[in-house]
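Residue numbers (our numbering): 13 to 159. Beta carbons: idealized from backbone N, C-alpha and C, even for Gly. Worksheet: the structure to be examined is printed underneath.
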């Protein structure tokens, strides 16, 4: 059992969202779904070994960019796949590798070498990488490395 687990508050579309995330990431599982009055109310799911709990809590609270889920990718194909998948059905692109899916949850789709590029000992190289990143929506690894 994880000591700290993200807990996601959906309006009334948690079951649909979980199925969507399992489709996009092609890994994971539903751990539990508890129903109240015939509708999914709470439960848990897993992606890449990370557990998430959820509730269909109603419209009182909405997701914001104040919290996001970061997906570290090994190559451009992986970035492209998750980026396209999470935008499906009404998501919106944001700057610097961020996007908001159709449920309003914010995601960061980033390459595994992003930290090394932005924190290079060569400050000029790091600044060029940072400047290149600021112009991107979906991250282009080759363009970052070229900068």
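Buried or exposed: which applies to residue i, given that a residue is buried once 16 or more other Cβ atoms fall within 10 Å of its Cβ?
i: residue 123; result: buried
i: residue 151; result: buried
i: residue 55; result: buried
i: residue 20; result: buried
i: residue 131; result: exposed
Name, in chain order, the residues that DSSP records as bridge partners for residue i.
i: residue 104; result: 112
i: residue 118; result: 80 and 112
i: residue 55; result: 45 and 66
i: residue 7; result: Here the chain comprises residues numbered 13 to 159, so residue 7 is not present and cannot be evaluated.
i: residue 21; result: 67
With a cut-off of 8 Å on the beta carbons, I'd call residue i and residue j a contact; round off their distance for me.
i: residue 161; j: residue 133; result: Residue 161 lies beyond the stretch modelled for the chain, which goes from 13 to 159, so this question has no answer here.
From the DSSP output, in three-state form, read off residue i for me.
i: residue 73; result: coil
i: residue 32; result: helix
query = Touch check for the region 92-99 and the region 112-128: three-plus C-beta pairs under 8 Å?
reply = Short answer: they touch.
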